[in-house]
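Accompanying notes for the structure given below.
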Amino acid sequence: MDAEQAIQDSCRARADRAALRAIQFFSFRYALQSDATTSHRHGLYF
C-alpha cells in the first residue's frame with residue numbers, strides 16, 4: 001500500500017466515524033423530542 005492510498009483510507013475512516021457520530025447525535029435528539037422512554041428502550045442514549 002502506498003502512502004497516498006493510506007492517507008485516503010484514513011480520511012475515509014475518519015469521515016465514516018464523523019458520519020456515525022452525526023447519526024447517533026440526531027437519533028439522540030429525535031428520541032428526546034419524540035419520547036424519552038422510547039430512547040431508553042432502543043438504547044439511543046449517547
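Counted the way full-length UniProt numbering counts, the sequence shown spans residues 1 to 46.
Note that the Cβ used here is the ideal one computed from N, Cα and C, for glycine as well.
Taking DSSP as the reference, what is the three-state secondary structure of residue i?
i	result
ASP16	helix
ASP2	coil
Quick one: Cα of residue i to Cα of residue j, how far?
i	j	result
ARG17	GLN8	14 Å
ALA13	ALA6	11 Å
residue 67	ALA15	As shown, the chain starts at 1 and ends at 46. That puts residue 67 outside it, with no answer to give.
GLN27	ALA19	For the record, residue 27 in the displayed sequence is Ser; it is not Gln. Their Cα atoms are separated by approximately 12 Å.
TYR30	ASP2	42 Å
ALA22	GLU4	27 Å
Just checking residue i against the ligand SAM - is the residue's beta carbon closer than 6 Å to any of the ligand's heavy atoms?
i	result
GLU4	Of the ligands one can find in the structure shown there are none, so the ligand SAM has no counterpart to examine.
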